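One structure is given here, and the rest of the page talks about it.
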Amino acid sequence: MSLKLGVIGTGAIGQDHIRRCSQTLLNSQVVAVTDINLQQAVKVVADLKLTAEVYPDGHALIKAPEVEAILVTSWGPSHEEFVLAAIAAGKPVFCEKPLAVTAEGCRKIVEAEVAHGKRLVQVGFMRPYDEGYRALKAVIDSGQIGEPLMLHCAHRNPTVGENYKTDMAITDTLIHELDVLRWLLDDDYVSVQVVFPRKTSKAHAHLKDPQIVLLETAKGTRIDVEVFVNCQYGYDIQCEVVGETGIAKLPEPSQVQLRSGAKLSNAILMDWKDRFIAAYDVELQAFIDGVRAGQVGGPSAWDGYAAAVAADACIEAQSSGQIVKVGLPDRPRFYG
């Protein structure tokens, strides 16, 4: 039997998820949708030729008897409300990042899930489902390069729009590294610092770009992440792990190597969707399979909370220029 899904939010990412759950993935059926713009929701149902009911709001969709699990892909500030409602209804919920727009909101979700007594929440951090990151983690976990001592990382975008602010380098961009590097190392952050190199002339006047974020983990591993969102040349994700006895590097996306015009070249992607499109398929299939098996896995509400706490510290460090402690409480035994 297919898992009957309700989707809250039919913007770009919502439409992508509805399409993949309806046309690409196994054992799933979108039976309900809603959006703050109901006409948009009606149009998506028609365009994708779905047999799905359009509900007046997210709460009505969550309560609908035919909806077995929920995807929250709405405006970020609405996530906390709908995830809490899904937990109260006892229904599994996949929530795109952010889990909530504040660490306090994430904490409330963690507490609600723990009180429920069973994991219901999976957060939409897709990088742990990327083939390259999984291969990198396998090398680290094997002990082949010894204990990780340092990580050198980069998150580069060709350009960003005028509405992109300096703090968004943390909340919209670095947030992916804050999650995936904890997962890679099986470690937590204890301090952060943000430094600003010479500003690129390609950035808008109000934006400080690039930025370098320095992180220290509980085990003493040191991490530097370059966030450069106007690099011009492409969408480029790098991660190099320096271990005691060797170095492991995130594989480059598979591209045809070209010999032409007296040059040996490899194309560089320009769009993040192209870089991680397969990971989106894998993460949602994992959610569907987990719900059908009675056990939600993947990035947890605690992972969403940990990322939010670290992000708050990074934003404080942007303003102060100081080393800022990451005040993450002990992880509840509920999350293993």
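full-length UniProt numbering numbers the first residue of the sequence shown as 1 and each following residue consecutively. C-beta: ideal position from N, C-alpha, C; glycine also. Quantities reported herein were computed from a predicted structural model and do not represent experimental measurements.
Residue nearest to residue i in terms of C-alpha spacing, selected from the options
i           : options                        : result
Pro253      : Ala278, Gln232, Arg259         : Ala278
Tyr305      : Val54, Asp289, Tyr189          : Tyr189
residue 368 : Arg333, Glu111, Ala311         : Given a span of 1 to 336 for the chain in the structure shown, any question on residue 368 remains unanswerable.
Phe287      : Ser28, Asp16, Thr166           : Ser28
Tyr133      : Trp183, Ala154, Leu174         : Trp183
Pro251      : Ser142, Phe276, Lys325         : Phe276
Ala100      : Arg331, Pro329, Ser320, Trp302 : Trp302
His204      : Thr217, Asp47, Val160          : Val160
Leu5        : Arg119, Met270, Gly294, Glu66  : Glu66
Lys249      : Asp167, Asp172, Ala138         : Ala138
Gln255      : Asp274, Gly105, Ala89, Cys314  : Asp274
Asn37       : Leu149, Pro332, Val180, Ile8   : Ile8
Cys95       : Ser78, Leu181, Glu104, Ala89   : Ser78
Asp130      : Trp272, Glu162, Ser265         : Trp272
Ala307      : Leu48, Thr102, Gly143, Arg292  : Thr102
Pro332      : Glu113, Gly143, Asn266         : Glu113
Leu181      : Ala52, Met150, Ser201, Gln295  : Met150
residue 338 : Cys314, Ala313, Asp289         : Outside the shown range of the chain, which is 1 to 336, sits residue 338, and nothing can be said about it.
Ile247      : Asp47, Ile140, Ala89           : Ile140
Cys314      : Leu269, Gln295, Val227         : Val227
Distance CB(residue i)-CB(residue j) smaller than 8 Å
i           : j      : result
Ala69       : Pro92  : yes
Leu26       : Gln285 : yes
Gly76       : Glu283 : no
Ile13       : Val30  : no
Val72       : Val54  : no
Ala115      : Ala64  : no
Asp224      : His155 : no
Val195      : Ile212 : yes
Gln15       : Val45  : no
Leu136      : Cys21  : no
Leu185      : Thr221 : yes
Gln193      : Leu207 : no
Ala218      : Asp187 : yes
Arg119      : Ser300 : yes
Glu80       : Gly105 : yes
residue 412 : Cys231 : Within the shown structure, residues of the chain are numbered from 1 to 336, placing residue 412 beyond reach of any answer.
Gln318      : Asp172 : no
Thr10       : Gln39  : no
Glu162      : Ser191 : no
Cβ separation of residue i and residue j, assumed to be a contact under 8 Å, to the nearest whole Å
i      : j      : result
Leu209 : Val229 : Per the sequence shown, residue 209 should be read as Asp rather than Leu. Yes, they are in contact, since the Cβ atoms of Asp209 and Val229 sit about 6 Å apart, within 8 Å.
Gly243 : Glu147 : 6 Å
Thr245 : Ile145 : 6 Å
Thr24  : Asp281 : 6 Å
Glu316 : Val324 : 5 Å
Thr34  : Leu61  : 5 Å
Gln122 : Gly298 : 4 Å
Entirely enclosed beta strand (DSSP E) segments - the segment 219 to 275, minimum 3 residues: Taking 3 residues as the minimum length, the beta strand (DSSP E) runs contained wholly in the segment 219 to 275 are 222 to 228, 236 to 243, 247 to 249, 257 to 260, 263 to 266, in order along the chain.
Sequence ranges, beta strand (DSSP E) only - wholly within the segment 35 to 113, length at least 3: Segments of the beta strand (DSSP E) lying fully in the segment 35 to 113: 69 to 72, 93 to 96.
Stretch pair the segment 81 to 89 + the segment 108 to 125: three plus CB contacts closer than 8 Å: With three or more CB-CB distances shorter than 8 Å, the segment 81 to 89 counts as touching the segment 108 to 125.
Start-end ranges of the beta strand (DSSP E) lying completely within the segment 157 to 219, minimum 3 residues: Here the runs fully enclosed are 189 to 195, 211 to 217.
Sequence ranges, beta strand (DSSP E) only - wholly within the segment 124 to 157, length at least 3: The segment 124 to 157 contains these whole beta strand (DSSP E) runs: 148 to 156.
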